[in-house]
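Visitor:
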Amino acid sequence: MTTAPLGEVAEEIVEREVRELVHRRDVTLDDATDLHQLLDEVVADYRDRFLGGGLPALTDEHVEVIRHRMTGFGALTPLLDDPGVEEIWVNEPGRVFVARGSGHELTNVVMSAREVEEVAERMLARAGRRLDRSQPFVDARLPDGSRLHVVIPPITEHWTLNIRKFVGLRAQTLDELVSLGSCSSAAARFLDAAVRAGLNIVVAGAVGAGKTTLLNCLASAIPGRERLVTCEEVFELQPALPDVVAMQCRQRNLEGEGSVTLHDLVRESLRMRPDRIIVGEVRGAEALDMLLAMNSGAGAMTSVHANSAREALRKLTTLPLLAGDNIDRRFVAQTVAACIDLVVFCRRASGGRQISEIVAVADQLSHGEEPTAGAVFTGGGRALHWTGERPRHAERFVERGMDLGSVLR
């Protein structure tokens, strides 16, 4: 027999004995400290028995493999530790993909069905979330800020995982975005002034375009004396401000009660004396609450999935209609035109994520009763340049001691 199969046999024996102790001593799989102690105990006992003969050798490398599998995230640990991997998804035990840069690839990682389930349950346990047959999918945030989405049968044929690592937040400020080539210095200066002036801003883009990173960078421009309330499905934003209240949604319990939706959070945020409100992302009826929050006098920001800045406006005119049959489309369109000041569109490019357009929303509607907008900055990344268009509410810049003309030049 070769060394590799003998090593695998040793791993199987030790792992089986650890699992037997876990069951006997009623230790939970998410209790890393107890699992480490159990593993050390079993390894010491195994090596004592190995000296008596009859057992394959157990190297330190084999022990680390078991440790990753039982106390870490198993075969996914090297991928999670790899800074070049941006996203990981498991379609089925033998199909693990990763995204690197602008492409994705199938890895040589093979997991058993049990390993996939245990890794998912361990991740969810550490995030304070859980799955059950009545709620077969869940979103969660891992301790390092990565986003986890899990779907289980019967919705899918196999347990399916998607982990979007938090490597995208490579910038905390608009100046850092400029350094990364995601934005020109002129556009960054304008966005900084727009945030300080209290304009309502929507960040738009496709999946993985860097919307959360951009929201976080915009939040860094909020004056420190102002109170910020954030509403998210799972905690992702990390605003470095002194007065911040962060809220996240909660799933219903096993009795089908106790859920807290984004709709609830947005409405609750208005009772918390906010100067600013950030809604992590709108994708449903909560868009109406967000628009009403923007109309309350508190400066607000949010993000939305869209393929262009103007499509984002159309989407925000449509989503509030999901709130009920009594919502009038023209009323929503007028509210969007009145409340949203800027839409910042970002996209993935070969050189990384970048802002490609900043548009200013006008007061009037088009003949199709949709909000109209003009591009203030166009280009992409370092090539973003001012078009000559100006946003409305120049008086807000003046109130904050800024001259809009000087900012744009």
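Numbered by my numbering, the letters in the sequence shown go through residues 1064 to 1472 in order.
Note that beta-carbon positions come from the ideal geometry of N, C-alpha and C, so glycine has one too.
Output needed for Gln1436: all residues of its chain with C-beta closer than 8 Å, excluding positions within five of it in sequence on either side, in chain order.
Guide: Translated into the one-based positions of the sequence shown, residue 1436 becomes position 373. The amino acid occupying residue 1436 in the given sequence is Ala; Gln does not appear at that position. For Ala1436, where only same-chain residues beyond five positions count, the Cβ hits under 8 Å are Ala1372, Arg1373, Leu1376, Val1406, Val1422, Ala1423, Val1424, Ala1425.
Visitor: Rank Phe1253, Cys1402, His1125 by C-alpha distance to the C-alpha of Gly1451 and give the top, closest one.
Guide: Position 388 of the sequence shown, counted from the start, is the residue given in the question as residue 1451. Cα-wise, what sits closest to Gly1451 is Phe1253.
Visitor: Using DSSP's beta-bridge definition, name the partner residues of Gly1137.
Guide: Mapped onto the sequence shown, residue 1137 falls at position 74. Gly1137 pairs with nothing; no bridge assigned.
Visitor: Just tell me which of Ala1176, Pro1156, Leu1143, Glu1178 has its CA closest to the CA of Ala1162.
Guide: For the purposes of this step, residue 1162 is taken as the residue at position 99 of the sequence shown. If we check each option's Cα against that of Ala1162, Leu1143 comes out closest.
Visitor: Expressed to the nearest angstrom, what Euclidean distance is found between the alpha-carbon atoms of Cys1294 and Thr1381?
Guide: Walking along the sequence shown from the start, residue 1294 turns up at place 231. Walking along the sequence shown from the start, residue 1381 turns up at place 318. Using only the alpha carbons, I get a separation of about 21 Å.
Visitor: Could you give the first and the last residue of the continuous beta strand (DSSP E) run that contains Ser1429?
Guide: Locating residue 1429 in the sequence shown gives position 366, counting from the first residue. It is not in any beta strand (DSSP E) - Ser1429 carries neither H nor E in the DSSP assignment.
Visitor: Grab the span of the alpha helix (DSSP H) containing Ser1242 for me, first residue to last.
Guide: Residue mapping note: residue 1242 aligns to position 179 of the sequence shown, counting from 1. Counting along the chain, the alpha helix (DSSP H) containing Ser1242 begins and ends at 1237-1242.
Visitor: Report back the beta-carbon spacing between Ala1386 and Ala1361 to the nearest angstrom; my notes put them in contact at under 8 Å.
Guide: Along the sequence shown, one-based indexing puts residue 1386 at 323. Along the sequence shown, one-based indexing puts residue 1361 at 298. With a Cβ gap of about 20 Å, Ala1386 and Ala1361 do not count as contacting.
Visitor: Should Gly1343 and Glu1289 be called a contact, given that it needs their Cβ atoms to be closer than 8 Å?
Guide: Start at 1 with the first residue of the sequence shown, and residue 1343 comes out as number 280. Start at 1 with the first residue of the sequence shown, and residue 1289 comes out as number 226. Contact flag unset, no.
Visitor: Quickly, what does DSSP pair Val1111 with across the bridge? List them, please.
Guide: Taking the first residue of the sequence shown as 1, we reach residue 1111 at position 48. In the sequence as displayed, the identity of residue 1111 is Asp instead of Val. Paired residue(s): none; Asp1111 is not in a bridge.
Visitor: Taking the beta strand (DSSP E) that Asn1225 falls in, what are its first and last residues?
Guide: Looking up residue 1225 in the sequence shown gives position 162. Its beta strand (DSSP E) spans residues 1223-1227.
Visitor: For the candidate residues Val1395, Ile1418, His1430, whose alpha-carbon lies nearest to that of Ala1438?
Guide: On the sequence shown, residue 1438 is found 375 positions in, with the first residue counted as 1. Selected option, being the one with the closest Cα: Ile1418.
Visitor: Determine the contact status of Ala1257 and Pro1454, defining contact as a CB-CB distance below 8 Å.
Guide: Numbered from its first residue, the sequence shown carries residue 1257 at position 194. Numbered from its first residue, the sequence shown carries residue 1454 at position 391. Yes, the Cβ-Cβ distance between Ala1257 and Pro1454 is below 8 Å.
Visitor: Less than 8 Å separating the beta-carbons of Trp1449 and Ala1249?
Guide: On the sequence shown, position 386 is the one that residue 1449 refers to. On the sequence shown, position 186 is the one that residue 1249 refers to. Against a cut-off of 8 Å, the Cβ pair of Ala1249 and Trp1449 comes out as a contact.
Visitor: Which runs of the beta strand (DSSP E) spanning at least 3 residues fall entirely within the segment 1156-1213, listed in chain order?
Guide: DSSP runs (the beta strand (DSSP E)) wholly in the segment 1156-1213: 1158-1163, 1166-1169, 1200-1204.
Visitor: Round the Cβ separation of Gln1478 and Ser1322 to the nearest angstrom and send it over; I've been treating them as touching at under 8 Å.
Guide: Outside the shown range of the chain, which is 1064 to 1472, sits residue 1478, and nothing can be said about it.
Visitor: List the residues that DSSP assigns as beta-bridge partners of Phe1408.
Guide: The residue given as residue 1408 occupies position 345 in the sequence shown. According to DSSP, Phe1408 bridges with Ala1267, Glu1420.
Visitor: If you reduce the DSSP assignment to three classes, tell me which class Gly1437 lands in.
Guide: For this step, residue 1437 is matched to residue 374 along the sequence shown. Note: Gly1437 maps to strand in three-state DSSP.
Visitor: Between Asp1306 and Leu1291, is the Cβ-Cβ spacing less than 8 Å?
Guide: The count along the sequence shown starts at 1 and reaches residue 1306 at position 243. The count along the sequence shown starts at 1 and reaches residue 1291 at position 228. Their beta carbons are under 8 Å apart, which means Asp1306 touches Leu1291 by this criterion.
Visitor: Starting from Glu1150, follow its DSSP beta bridges and name the residues at the other end.
Guide: Taking the first residue of the sequence shown as position 1, residue 1150 is located at position 87. BP columns for Glu1150 point to Ala1162, Arg1227.
Visitor: On the criterion of 16 or more Cβ atoms from any shown chain inside 10 Å, does Arg1132 qualify as buried, or is it exposed?
Guide: In the sequence shown, the residue the question calls residue 1132 occupies position 69. It counts as buried.
Visitor: When the distance is taken between beta carbons, is Pro1199 closer than 8 Å to Val1214?
Guide: Taking the first residue of the sequence shown as position 1, residue 1214 is located at position 151. Taking the first residue of the sequence shown as position 1, residue 1199 is located at position 136. Cβ atoms of Val1214 and Pro1199: closer than 8 Å.
Visitor: Kindly indicate the opening and closing residues of the beta strand (DSSP E) around Gly1362.
Guide: Position 299 of the sequence shown holds residue 1362. Unbroken beta strand (DSSP E) run through Gly1362: 1362-1368.
Visitor: Taking all protein chains shown into account, do 16 or more other C-beta atoms lie within 10 angstroms of the C-beta of Gly1231, making it buried, or fewer, making it exposed?
Guide: Here residue 1231 corresponds to residue number 168 of the sequence shown, with the count starting at 1. Confidence at Gly1231 is low in this model, with a pLDDT of 48, below 50, so its placement is unreliable and no value can be given for it.
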